[in-house]
Amino acid sequence: MISRRQLLIHAALLGVAGALPLRLAAAPGDARLLVVILRGGMDSLGVLVPHADDRYHDLRRELAGGAPGLLELDATFALHNALGPLQPLWRSGELLLLPACATPYRERSHFDAQDVLENGGDKAHGLDSGWLNRTLGALPGAHAMALGASMPLLLRGPARAGSWSPSTLPGVDEDFLQRVMAMYQEDTLLAGTLDDAGPMGGMEGGRGPQAFVALCRQAAHFMTGEARLGSLDLNGWDTHVNQNRRLATQLELLAKGLLAFREDMGAHWRNTAVLVVTEFGRTARGNGSGGTDHGTASLAMLLGGGLKGGRWLGDWPGLARLYQDRDLPPANDLRGLIHAVLEQHLGLPDALIAERILPGSRALGGLGRLFA
63 MISRRQLLIH AALLGVAGAL PLRLAAAPGD ARLLVVILRG GMDSLGVLVP HADDRYHDLR
123 RELAGGAPGL LELDATFALH NALGPLQPLW RSGELLLLPA CATPYRERSH FDAQDVLENG
183 GDKAHGLDSG WLNRTLGALP GAHAMALGAS MPLLLRGPAR AGSWSPSTLP GVDEDFLQRV
243 MAMYQEDTLL AGTLDDAGPM GGMEGGRGPQ AFVALCRQAA HFMTGEARLG SLDLNGWDTH
303 VNQNRRLATQ LELLAKGLLA FREDMGAHWR NTAVLVVTEF GRTARGNGSG GTDHGTASLA
363 MLLGGGLKGG RWLGDWPGLA RLYQDRDLPP ANDLRGLIHA VLEQHLGLPD ALIAERILPG
423 SRALGGLGRL FA
């Protein structure tokens, strides 16, 4: 006799999942997923550097020359040295990288780009719920927590998700500080004072650079309990000015937070995946202010104790032909990576993901098994 679980999965695979409540899908009970959004648009070319590409050095010039040393991963890429603490995860197979990836969005508005990233569709404001909320609705009895000052679109929707934020008042937002610096960069005294102040940590709902690390530890607290899904943000990636210094500080903070989460997850780390994404990348060329401007393709990171990692995924388009003569070309669909994680890690049916969670998506080709 066919079980109720088998019946529902077969129904989804036959394309009738739209007629079924999302909460009826089945998934392994112990898998956990944390989504970290790097808000502002991370410069992937400064993080995962195509060190053997002469075109990179031609395009970056001053930025490349002023950047710190690199950690070579293979003949194609090297990692920014501020992510050195993550290199052991690369070696142990706990880190995967997807370069040159993007959502379907092709403009350069932070607000619209983040909306597409979080709603999981193919356009801004096309859906009023987040793809992680719809994932929550597909996991019977699952709980989710958003950590930060407000509930992100990513987890808003009909499925009930919890939220938690620190009790302290918000600190100064990193993007705001950068805009002030840009306004006064000709004022030697004030610009130097602001530069010495450094990043403020870029976390809403906390103060100082340790706020993000504290949120990561709090996420682990919830996710070693009932929560199987979680989300948190790290702001401050809109590096229009003084990018080399600020990017190094942001990456150091990101690495500390991710390692703190990994440590606190303990035995649960084996069944946990962390997806690190950003709304878009940045221009291939510097902008004359020691920074870069809004671009298109960027980098996604996937971490976890059960990964088959230590490699980068997808296609690498190179830098010979830029998108619109300014950006790293979008060669890989970010939604395709998310699709594969939901299918392989959380056990959701491919057809259900493509119809209800990430409409119109499909798992990125050529990935193979992401998880052991």
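Taking the working numbering, I'd label the letters of the sequence shown as residues 63 to 434. From the three backbone atoms N, C-alpha and C, an ideal C-beta is built for every residue, glycine too.
For this session: Look at the alpha carbon of Leu277 and the alpha carbon of Gly292, and state the distance between them as a whole number of angstroms.
Result: Just so you know, the alpha carbons of Leu277 and Gly292 end up roughly 11 angstroms apart.
For this session: Could you tell me which residues DSSP puts in a beta bridge with Ile99?
Result: Answer by DSSP bridge pairing, in chain order: Asp295, Val339.
For this session: Tell me, to the nearest whole angstrom, how far the beta carbon of Ala175 is from that of Phe342; I am working on the premise that it is less than 8 angstroms.
Result: Correct: roughly 5 angstroms between the Cβ atoms.
Exercise. Considering Leu209, what are the terminal residues of the beta strand (DSSP E) in which it resides?
Worked result: Unbroken beta strand (DSSP E) run through Leu209: 205 to 209.
For this session: Could you name the residues of the same chain whose beta carbon sits closer than 6 angstroms to that of Ala129, not counting the 5 residues immediately before and after it, in chain order?
Result: Leaving aside the five residues that flank Ala129 on each side, the residues in its chain whose CB is nearer than 6 angstroms to its CB run, in chain order, Asn306.
Exercise. Given a threshold of 16 other Cβ atoms within 10 Å of its Cβ, counted over all protein chains shown, does Asp105 qualify as buried or as exposed?
Worked result: Classification of Asp105: buried, given that the 10 Å Cβ count is 16 or more.
For this session: Leaving aside the five residues before and after Arg196 along the sequence, list all residues of the same chain whose C-beta is less than 8 angstroms from its C-beta, in chain order.
Result: Once the five neighbours on either side are set aside, the close Cβ partners of Arg196 are Leu84, Gly182, Gly219, Ala221, Arg418, Ile419.
Problem set entry | Unbroken alpha helix (DSSP H) run spanning His5, endpoints | Nothing about residue 5 can be read from this structure; the chain reaches only from 63 to 434.
Problem set entry | Opposing strand residues paired with His142 [DSSP bridges] | The partner list for His142 (beta bridge, DSSP) reads Leu132.
Problem set entry | Touching by the beta-carbon criterion (3+ pairs, under 8 angstroms), the region 295 to 302 and the region 132 to 140 | In this structure the region 295 to 302 does not touch the region 132 to 140; the number of beta carbon pairs closer than 8 angstroms is below three.
Exercise. Measuring CA to CA, which of Val97, His172, Ala273 is closest to Ser229?
Worked result: The candidate whose alpha carbon is nearest that of Ser229 is Ala273.
Problem set entry | Other residues of its chain near Leu231: CB distance less than 7 angstroms, five sequence neighbours each side excluded | Only weak support exists for where Leu231 lies, its pLDDT of 45 falling under 50; the value from the coordinates is given anyway. Here the set comprises nothing.
Exercise. By Cβ distance below 7 angstroms, which residues in the same chain neighbour Asp184 in space, the five residues on each side in sequence not counted?
Worked result: The residues are Pro166, Gly422.
Exercise. Short check: CB of Ala393 to CB of Leu426, under 8 angstroms?
Worked result: No, the pair does not count as a contact, with Cβ atoms beyond the cut-off.
Exercise. Is the beta carbon of Glu288 sitting closer than 8 angstroms to the one on His407?
Worked result: Contact: no.
Exercise. Contact check, Pro214 vs Gly192 under 8 angstroms by CB: the rounded distance?
Worked result: Right, their Cβ atoms sit about 7 angstroms apart.
Exercise. Do you know offhand how far Ala322's Cα is from Ala359's?
Worked result: If you draw a straight line from the Cα of Ala322 to the Cα of Ala359, it comes to about 28 angstroms.
Exercise. So, helix, strand or coil for Ala425, using DSSP?
Worked result: It is coil, neither helix nor strand.
Exercise. What's the C-alpha gap between Thr286 and His330?
Worked result: Spanning the two alpha carbons is a distance of roughly 7 angstroms.
Exercise. For Pro391, which residues of its own chain have a beta-carbon under 8 angstroms away from its beta-carbon, when the five flanking residues on both sides are left out?
Worked result: Around Pro391: Ala162, Thr358, Ala359, Pro379, Arg383, Leu384, Tyr385.
Problem set entry | Asp389 and Thr345 closer than 8 angstroms at C-beta | In this structure, Thr345 lies closer than 8 angstroms to Asp389 by Cβ.
Exercise. Should Arg431 go down as buried or exposed, given a rule of 16 or more other Cβ atoms within 10 Å for buried?
Worked result: Under the 10 Å beta carbon count, Arg431 is surrounded by fewer than 16 other beta carbons and is classified as exposed.
Exercise. In the DSSP assignment, what residue or residues form a beta bridge with Gly366?
Worked result: According to the DSSP secondary-structure assignment, Gly366 is paired through a beta bridge with Ala335.
For this session: State the DSSP-derived secondary structure class of Arg170, mapped to helix, strand or coil.
Result: Of the three classes helix, strand and coil, the one that applies to Arg170 here is coil, per DSSP.
For this session: State the start and end residues of the unbroken alpha helix (DSSP H) segment that holds Ala193.
Result: Sequence inspection shows Trp at residue 193; the Ala mentioned does not correspond to that position. Counting along the chain, Trp193 sits inside the alpha helix (DSSP H) bounded by residues 193 to 199.
Problem set entry | Close beta carbons around Ala137, own chain, < 8 angstroms, minus the five adjacent residues each side | For Ala137, where only same-chain residues beyond five positions count, the Cβ hits under 8 angstroms are Ala114.
Exercise. Beta-carbon separation of Gly371 and Leu96 under 8 angstroms?
Worked result: It is not a contact, given that the beta carbons lie outside the stated cut-off.
Problem set entry | Length of the line joining the Cα atoms of Gly203 and Leu194 | Those two C-alpha atoms are separated by around 15 angstroms.
For this session: Assuming Phe433 and Gly368 form a contact by the criterion Cβ under 8 angstroms, report the distance between their Cβ atoms to the nearest whole angstrom.
Result: Right, their Cβ atoms sit about 5 angstroms apart.
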